[in-house]
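Colleague: Provided herewith is a single structure, encoded as C-alpha cells, for subsequent inquiry.
2 protein chains.
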Amino acid sequence: MTDIEKTLENKSVRPTAMRILIYKYMAEKEIAVALTDIENAFEKAERTTLYRTLKTFEEKGIVHQIDDGTNISKFALCEPGCNCELDQDLHLHFHCSNCDKTVCLTEHKIPHINLPTGYIAEDANLVIKGICDTCSQH
Amino acid sequence: MTDIEKTLENKSVRPTAMRILIYKYMAEKEIAVALTDIENAFEKAERTTLYRTLKTFEEKGIVHQIDDGTNISKFALCEPGCNCELDQDLHLHFHCSNCDKTVCLTEHKIPHINLPTGYIAEDANLVIKGICDTCSQH
DNA sequence: CATTAAATGCACTACAGTTGCATTCATAAT
DNA sequence: ATTATGAATGCAACTGTAGTGCATTTAATG
Ligand SMILES: [Mn+2]
Ligand SMILES: [Mn+2]
Ligand SMILES: [Zn+2]
Ligand SMILES: [Zn+2]
Numbered sequence: 001m002t003d004i005e006k007t008l009e010n011k012s013v014r015p016t017a018m019r020i021l022i023y024k025y026m027a028e029k030e031i032a033v034a035l036t037d038i039e040n041a042f043e044k045a046e047r048t049t050l051y052r053t054l055k056t057f058e059e060k061g062i063v064h065q066i067d068d069g070t071n072i073s074k075f076a077l078c079e080p081g082c083n084c085e086l087d088q089d090l091h092l093h094f095h096c097s098n099c100d101k102t103v104c105l106t107e108h109k110i111p112h113i114n115l116p117t118g119y120i121a122e123d124a125n126l127v128i129k130g131i132c133d134t135c136s137q138h
Numbered sequence: 001m002t003d004i005e006k007t008l009e010n011k012s013v014r015p016t017a018m019r020i021l022i023y024k025y026m027a028e029k030e031i032a033v034a035l036t037d038i039e040n041a042f043e044k045a046e047r048t049t050l051y052r053t054l055k056t057f058e059e060k061g062i063v064h065q066i067d068d069g070t071n072i073s074k075f076a077l078c079e080p081g082c083n084c085e086l087d088q089d090l091h092l093h094f095h096c097s098n099c100d101k102t103v104c105l106t107e108h109k110i111p112h113i114n115l116p117t118g119y120i121a122e123d124a125n126l127v128i129k130g131i132c133d134t135c136s137q138h
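Shown next, in the form of C-alpha cells:
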C-alpha cells in the first residue's frame, strides 16, 4: 500500500485508481488547480468524477477550495495537520496576475480583524493579487 | 439637475434614465448588489444594459466590484473620495452566511501583509464570512 | 433638421458548476 | 464461489452567470 493510499484511507476515502491519480497530480503541482486543469491533465478523465472527487476530498479534509477572485474554484492539498474544515487554517493565498497561478502561502496566516459590534466572524478569505516570485524575476 | 445626475456627470457618465435608476437603487440599498438583484428590482430592465451600466460605473469609479466568495459578482457604490480604481481603498467586506448579504466595511482597511521574497502585491481582497449584525440579534 | 456617437434591446454564445440516473466496480455476506 | 449491497463512475442533460455581436433607438451637436 502506497503513501497516497494510506493518506486517503486515513481520511476515510476509498483509494480508487482515479482518486490516487488526482491526489498524485495535485501533490506534484505546487500550485492550486482548477477542475479544468485536472480534466486537461488526464485525457480519459470524466468531468463529473473529478468534480465529485474534489468534493469528497474537500469534505474529508484532504483538499481545500480556494476562491482566488478569478471566479474559477481552485483546489489545493491540505498541509499535514491543517484543520481547514474547522476554519482554523486561515492562511492567505496569492494570485499572480501575470501567469495566473494561485499558490497557498501556508505560513502566512490571516491576521485577526476587529469587526463592528454585532458581526460574528466564522471564516475569512484573503487573496493578494500581484506578481509572483517566478514572474518578478523576468 | 439632481444630486445623482451631478454625481454621474462629475464622473463623466451620461446620466440616462436607467443609469439614474440603478444609481438610486444602489444608494438606497445599504448592501452590495448582484446584477440579478437589479434585474429583479426593475421588471422592465434589460440584463445587458444593467451589465454594461455596472461595467461603465466601475470603470469610472462610481461602483466597485466585490468578490465575496459566492461566485456571484456584487457591486457597491464607492464612498466619496474612494479611489478603488487605483487599488488604494482596500477595505474589507463581510458576507453573512445566514442572510447571504454582503456589506462593505469601509472603515476597516486590509492590514499590510508581508509576503515571501519575490512576491509583489498589487491588490488585495479580504472577505470575512459569518453572521451579520442583524442576524446575530435573533 | 441632419449628423453622429452613445446607449439600449435582442439574440446568441461560452463555460463553470451541478444534478439525475444508469452502469460498473469493489466489498462483504451467504 | 456466488450473490447481494452500496459506493464510485460515466453519460447526458440542465442551470445560471458572464460576455459578445449587431441592429435599433436615443440624445447631443451644429
Ligand atoms: Mn491554501
Ligand atoms: Mn466595498
Ligand atoms: Zn506569476
Ligand atoms: Zn445576515
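As given, the protein sequences belong to chains X and H, one line each in that order.
Residues 1 to 138 in UniProt numbering are what the first sequence lists, from first letter to last.
Residues 1 to 138 in UniProt numbering are what the second sequence lists, from first letter to last.
Glycine included, C-beta positions come from ideal geometry on N, C-alpha and C.
Could you round the C-beta distance between P116/X and L92/H to whole angstroms and report it? I think they count as a contact, below 8 Å.
Modeller: Your numbering for residue 116/X matches position 116 in the first sequence. Your numbering for residue 92/H matches position 92 in the second sequence. 11 Å between Cβ atoms; not a contact.
Colleague: Label N125/H either buried or exposed according to how many other C-beta atoms from any shown protein chain fall within 10 Å of its C-beta, with 16 as the threshold for buried.
Modeller: Counting from 1 along the second sequence, the entry for residue 125/H is found at position 125. By the neighbour-count rule (16 or more Cβ atoms within 10 Å), N125/H is buried.
Colleague: With H, G and I counted as helix, E and B as strand and the rest as coil, what does DSSP make of N125/H?
Modeller: Looking up residue 125/H in the second sequence gives position 125. Three-state result, N125/H: strand.
Colleague: Compare the C-beta of E30/H with all C-beta atoms of chain X and state if any pair is closer than 8 Å.
Modeller: In the second sequence, the residue the question calls residue 30/H occupies position 30. Chain X, which has no Cβ nearer than 8 Å to the Cβ of E30/H, makes this no.
Colleague: Can you tell me whether C82/X sits near ligand 2, meaning its C-beta is under 7 Å from at least one heavy atom of the ligand?
Modeller: Counting from one through the first sequence, the residue named residue 82/X turns up at place 82. Every heavy atom of ligand 2 is 7 Å or more from the Cβ of C82/X, so no.
Colleague: So with CB distances below 8 Å, who are the chain H contacts of V33/X?
Modeller: Start at 1 with the first residue of the first sequence, and residue 33/X comes out as number 33. Within chain H, no C-beta atom comes nearer than 8 Å to that of V33/X; the closest sits roughly 17 Å away.
Colleague: Apply the 10 Å Cβ neighbour rule to K129/H and answer buried if 16 or more other Cβ atoms are within range, or exposed otherwise.
Modeller: In the second sequence, the residue the question calls residue 129/H occupies position 129. Buried is the call here.
Colleague: Give, in chain order, every residue of the region 122 to 137 of chain X whose Cβ lies closer than 8 Å to some Cβ of chain H.
Modeller: E122, D123, A124, N125, L126, V127, I128, K129, G130, I131, C132, D133, T134, S136, Q137
Colleague: Kindly indicate which three-state DSSP category E43/H falls into: helix, strand or coil?
Modeller: Taking the first residue of the second sequence as position 1, residue 43/H is located at position 43. If DSSP states are grouped into helix, strand and coil, E43/H belongs with coil.
Colleague: In whole angstroms, what separates the C-alpha of I38/X from that of R52/H?
Modeller: Numbered from its first residue, the first sequence carries residue 38/X at position 38. Numbered from its first residue, the second sequence carries residue 52/H at position 52. Roughly 34 Å between the two C-alpha positions.
Colleague: For R14/H, does the count of other Cβ atoms within 10 angstroms reach 16, so buried, or fall short, so exposed?
Modeller: Along the second sequence, read from residue 1 onward, the residue named residue 14/H stands at position 14. When all chains shown are included, R14/H counts as exposed.
Colleague: Measure the C-alpha to C-alpha separation of D3/H and N83/H and round it to an integer number of angstroms.
Modeller: Residue 3/H sits at position 3 when you count from the first residue of the second sequence. Residue 83/H sits at position 83 when you count from the first residue of the second sequence. Whole-angstrom Cα-Cα distance: 20 Å.
Colleague: To the nearest angstrom, report how far apart K101/X and G118/H are at their CA atoms.
Modeller: Within the first sequence, numbered from 1, the residue matching residue 101/X stands at position 101. Within the second sequence, numbered from 1, the residue matching residue 118/H stands at position 118. Computed Cα separation, rounded: 15 Å.
Colleague: With a threshold of 8 Å between beta-carbons, can L115/X be considered close to chain H, or not?
Modeller: Reading the first sequence from its first residue, position 115 is the one you call residue 115/X. Yes, L115/X counts as interfacial toward chain H.
Colleague: Which chain H residues sit within Cβ distance under 8 Å of F94/X?
Modeller: Translated into positions along the first sequence, residue 94/X becomes position 94. What F94/X touches in chain H: L115, Y119.
Colleague: As an exercise, report each continuous beta strand (DSSP E) stretch of at least 3 residues that is fully enclosed by the region 13 to 97 of chain X, in chain order.
Modeller: 63 to 66, 74 to 77, 91 to 96
Colleague: Let me confirm a value: H108/X is counted as buried when at least 16 other C-beta atoms fall within 10 Å, else exposed. Which label applies?
Modeller: Taking the first sequence and counting its residues from 1, the one referred to as residue 108/X is at position 108. That one is buried.
Colleague: By the criterion of Cβ-Cβ separation under 9 Å, what are the contact partners of H91/H in chain X?
Modeller: Locating residue 91/H in the second sequence gives position 91, counting from the first residue. Contact of H91/H with chain X by beta-carbon distance below 9 Å is absent, the smallest such distance being about 11 Å.
Colleague: Tell me whether N40/H counts as near ligand 3, meaning its Cβ is closer than 7 Å to at least one heavy atom of that ligand.
Modeller: For the purposes of this step, residue 40/H is taken as the residue at position 40 of the second sequence. False, no ligand heavy atom lies under 7 Å from that Cβ.
Colleague: Go to T7/H, then tell me how far its beta strand (DSSP E) extends in each direction, as first and last residue.
Modeller: For this step, residue 7/H is matched to residue 7 along the second sequence. Premise fails: T7/H lies in the alpha helix (DSSP H), 3 to 10, not in any beta strand (DSSP E).
Colleague: Note the first and the last residue of the continuous beta strand (DSSP E) segment covering residue 139/H.
Modeller: Given a span of 1 to 138 for chain H in the structure shown, any question on residue 139/H remains unanswerable.
Colleague: Cβ of L21/H less than 8 Å from any chain X Cβ?
Modeller: By 1-based counting over the second sequence, the position of residue 21/H is 21. No, its Cβ sits nowhere closer than 8 Å to a Cβ of chain X.
Colleague: By alpha-carbon positions, which one of F75/X, N114/X, V127/X, F57/X ends up nearest to I20/X?
Modeller: To locate residue 20/X, count along the first sequence from 1; it is residue 20. Here the closest residue by C-alpha is F57/X.
Colleague: Please confirm whether H112/H and D68/H have their CB atoms less than 8 Å apart.
Modeller: For the purposes of this step, residue 112/H is identified with residue 112 of the second sequence, where counting begins at 1. For the purposes of this step, residue 68/H is identified with residue 68 of the second sequence, where counting begins at 1. In this structure, D68/H does not lie closer than 8 Å to H112/H by Cβ.
Colleague: Provide the residue span of the alpha helix (DSSP H) that contains C135/X, from first to last.
Modeller: Walking along the first sequence from the start, residue 135/X turns up at place 135. Run containing C135/X: 133 to 136, per the alpha helix (DSSP H) assignment.
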